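The structure appears below as structure tokens.
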Amino acid sequence: MQSSLIGKVEKAKVYAGERHRMQIDGLHVAFHGENSDHEVVLRDGVWHCSCDFFGQWSTCCHTMALERVLHGMVPVREQDLAAV
Numbered sequence: 895m896q897s898s899l900i901g902k903v904e905k906a907k908v909y910a911g912e913r914h915r916m917q918i919d920g921l922h923v924a925f926h927g928e929n930s931d932h933e934v935v936l937r938d939g940v941w942h943c944s945c946d947f948f949g950q951w952s953t954c955c956h957t958m959a960l961e962r963v964l965h966g967m968v969p970v971r972e973q974d975l976a977a978v
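And the structure:
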């Protein structure tokens, strides 16, 4: 492997451990739930989900799961912090 590529691989490993360097501004996820599939979108710092629960509460298990997976890289909603 070329030394320049080896250097990039090593730098990628460092960056992967420094999640604070990354901020996700937009995201579209196909979420395969237990009962059906859902579309989850993060747009302009606001979550949206196609599940019925989200329509009533503006949050759901799908958006909360993604917030946990992407911790530090997506905005945290204050209402979710109060529930913890």
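Using the working numbering, the letters of the sequence shown map in sequence onto residues 895 to 978.
All C-beta atoms, glycine included, are put in the ideal place defined by N, C-alpha and C.
For clarity, every value in this text was computed on a predicted model and none was experimentally measured.
Contact between the segment 913 to 929 and the segment 946 to 953 (3+ Cβ pairs under 8 Å): Contact between the segment 913 to 929 and the segment 946 to 953 is absent, because fewer than three Cβ pairs lie under 8 Å.
For the alpha helix (DSSP H) containing C955, name the first residue and the last one. From DSSP, the alpha helix (DSSP H) with C955 extends over 955 to 963.
Which whole runs of the beta strand (DSSP E) in the segment 896 to 930 are 3 residues long or more, in chain order? Whole beta strand (DSSP E) segments, 3+ residues: 920 to 926.
Please report the Cβ distance between R913 and M967, rounded to the nearest whole angstrom; I am assuming they are in contact, meaning their Cβ atoms lie under 8 Å. Right, their Cβ atoms sit about 6 Å apart.
Hey, would you say V935 sits closer than 8 Å to L960, going by beta carbons? V935 places its beta carbon 8 Å or farther from that of L960.
Where L975 falls: helix, strand or coil (DSSP): Here the model assigns L975 a pLDDT of 48, short of 50, so the residue's position is not dependable and the matter cannot be decided.
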